[in-house]
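*Asks:* Quick one: the structure is below, questions incoming.
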Amino acid sequence: MKYDKKRRRLQLYFLLLWVVILLQLIIGVSGIAHNYCPQAAVCFGCLNLGQNLGNWMYPGAIILGLVIFVLTMFLGRQFCGTVCPFGTMQDLIFSLNKKASKRNYKAMIPVKTHNALKYFKYLILLWVAVSAWLGINYIYMQACPVLALGHPQNLTVLGATSLFIIIVIGYFIERFWCLYLCPYGALLNISQFMGRILHIPRKKVFWNKDCCIDCNLCNDYCPMRIEVSKSEAVVDVECIHCQRCTLCCPVLKKQKNK
Ligand code: SF4
Ligand code: SF4
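Sequential numbering from 1 applies to the sequence shown in my numbering.
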């Protein structure tokens with residue numbers, strides 16, 4: 001349980017930090033939201049980098065993006081499980097839905113549909129990257145939830161749609177945005193694929209096959225719909241290291257309580 005408390009506390013700290021930045025953006029004392037977003041390098045494309053170098057915060061966001069990209073090769077998507085304010089927001093929103101059984105919400109999206117839909121975020125990432133190089137990146141920016149929250153005075157229909165998905169659909173389907181739509185999640189998956197090619201050892205969640213009683217709780221409770229019990233280490237790049245699979249295990253719980 002210690003890990004969970006520590007992670008949740010960290011999530012709240014990062015969320016608070018984000019709220020402070022948001023408030024500063026909204027009242028106009030902190031420039032523009034791109035300055036704080038690790039995805040900015042993709043949204044702007046390397047070609048546009050030069051003209052933004054005059055603003056010290058913008059290269060700061062590029063460096064932040066690079067640091068997270070490289071760290072993800074070693075640590076997996078810890079960013080998604082601990083740092084990202086949109087991940088934390090979705091966790092909080094879903095936790096308000098007392099009627100949703102964590103085990104049954106998955107039935108709303110059948111496995112086959114889920115397996116097809118989870119690639120959609122890569123298409124969005126491709127669209128973001130290509131449109132940046134073509135100089136039409138403003139189309140994705142209209143849908144960007146970071147900009148929608150940071151600059152509500154410029155809210156577009158697409159931006160409102162993204163927030164609707166995160167807040168309203170996220171109430172019924174846990175981490176819906178992360179599972180299917182977030183281009184940054186797709187980018188962090190690509191970082192892990194690159195890590196594999198470079199033979200970089202990545203931190204993984206392990207479980208003990210010997211003590212398994214085939215209750216399937218780990219599979220049912222994983223917010224990223226990973227079949228945890230298929231192997232002893234979670235190799236799936238979608239893992240956000242929330243550790244819920246190990247925390248819900250009745251055998252491990254019993255061992256800890258002894
Ligand atoms: S998938 Fe996207 S929204 Fe979800 S936690 Fe990761 S970066 Fe944040
Ligand atoms: S596999 Fe475990 S640690 Fe990874 S996302 Fe699923 S529940 Fe969380």
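Each residue gets a CB set at the ideal place from its N, CA and C atoms; glycine is no exception.
Treat the numbers as computed from the prediction; the structure is a model and nothing was measured.
Excluding sequence positions up to five away, which residues of its chain have a Cβ less than 6 Å from the Cβ of residue 39?
*Replies:* So the qualifying residues of the chain are 184.
*Asks:* Could you name the residues of the same chain whose beta carbon sits closer than 6 Å to that of residue 113, not counting the 5 residues immediately before and after it, in chain order?
*Replies:* Closer than 6 Å at the Cβ level, and outside the excluded window around residue 113, lies no residue.
*Asks:* So for residue 132, helix, strand or coil by DSSP?
*Replies:* If DSSP states are grouped into helix, strand and coil, residue 132 belongs with the helices.
*Asks:* Tell me whether residue 150 is buried or exposed, calling it buried when 16 or more other Cβ atoms sit within 10 Å of its Cβ.
*Replies:* Classification for residue 150: buried.
*Asks:* Using a threshold of 6 Å, is the CB atom of residue 178 nearer than that to any non-hydrogen atom of ligand 1?
*Replies:* Checking every heavy atom of ligand 1 against the Cβ of residue 178, one is found closer than 6 Å.
*Asks:* Looking at C-alpha atoms only, which residue of 146, 11 and 214 is the closest neighbour of residue 250?
*Replies:* Checked all of 146, 11 and 214; the closest Cα to residue 250 is 214.
*Asks:* Give the DSSP-derived three-state secondary structure of residue 116 in the structure shown.
*Replies:* Helix, per DSSP.
*Asks:* DSSP three-state call for residue 148: helix, strand or coil?
*Replies:* Three-state DSSP puts residue 148 in a helix.
*Asks:* Do residue 205 and ligand 2 come close, with the Cβ less than 6 Å from some heavy atom?
*Replies:* Residue 205: yes, Cβ under 6 Å from ligand 2.
*Asks:* Across which residues does DSSP place residue 186 in a beta bridge pair?
*Replies:* BP columns for residue 186 are empty, so no partner.
*Asks:* Please classify residue 294: does DSSP put it in a helix, a strand, or coil?
*Replies:* Outside the displayed span of the chain (1 to 258) sits residue 294, for which this structure offers no information.
*Asks:* Under 6 Å: does the beta carbon of residue 83 sit that close to some heavy atom of ligand 2?
*Replies:* Answer for residue 83: no, Cβ out of range of ligand 2.
*Asks:* Return the CA-CA distance between residue 11 and residue 110, expressed in angstroms with no decimal places.
*Replies:* When rounded, the distance between both Cα atoms is 30 Å.
*Asks:* Would the beta-carbon of residue 58 be found less than 6 Å away from any heavy atom of ligand 1?
*Replies:* False, no ligand heavy atom lies under 6 Å from that Cβ.
*Asks:* I think residue 77 touches residue 240, with their Cβ atoms under 8 Å apart; what is that distance to the nearest whole Å?
*Replies:* Correct: roughly 5 Å between the Cβ atoms.
*Asks:* Taking only the alpha-carbon atoms, compute the straight-line gap between residue 17 and residue 85 and give it to the nearest angstrom.
*Replies:* So the two alpha carbons sit approximately 9 Å from each other.
*Asks:* Taking 7 Å as the threshold (C-beta atoms), are residue 88 and residue 134 in contact?
*Replies:* Contact flag unset, no.
*Asks:* Compute the Euclidean distance between the alpha carbons of residue 128 and residue 28, then round it to the nearest angstrom.
*Replies:* Using only the alpha carbons, I get a separation of about 26 Å.
*Asks:* Measure the CB-CB distance between residue 125 and residue 180 and report whether it falls below 7 Å.
*Replies:* Against a cut-off of 7 Å, the Cβ pair of residue 180 and residue 125 comes out as no contact.
*Asks:* Would you say the beta carbon of residue 86 comes nearer than 6 Å to a heavy atom of ligand 1?
*Replies:* Indeed, a heavy atom of ligand 1 lies less than 6 Å from the Cβ.
*Asks:* With three or more beta-carbon pairs closer than 8 Å as the criterion, would you say the region 137 to 145 touches the region 59 to 72?
*Replies:* Contact fails: fewer than three Cβ-Cβ distances are below 8 Å.
*Asks:* Going by DSSP, what residue range makes up the alpha helix (DSSP H) through residue 206?
*Replies:* Segment: none, residue 206 is in no alpha helix (DSSP H) and carries neither H nor E.
*Asks:* Distance check for residue 132 and residue 122, CA to CA, integer angstroms please.
*Replies:* Distance between the alpha carbons of residue 122 and residue 132 is about 15 Å.
*Asks:* Which same chain residues, not among the five before or five after residue 20, have their C-beta less than 6 Å away from its C-beta?
*Replies:* Answer for residue 20: no residue qualifies.
*Asks:* What number of angstroms, rounded off, separates the C-alpha of residue 4 from the C-alpha of residue 79?
*Replies:* If you take the alpha carbons of residue 4 and residue 79, they lie about 15 Å apart.
*Asks:* Rounding to the nearest angstrom, what Cα-Cα distance links residue 160 and residue 37 in this structure?
*Replies:* Rounded to the nearest angstrom, the two C-alpha atoms are 19 Å apart.
*Asks:* Could you pull the start and end residues of the alpha helix (DSSP H) that residue 225 belongs to?
*Replies:* From DSSP, residue 225 is part of no alpha helix (DSSP H); its letter is neither H nor E.
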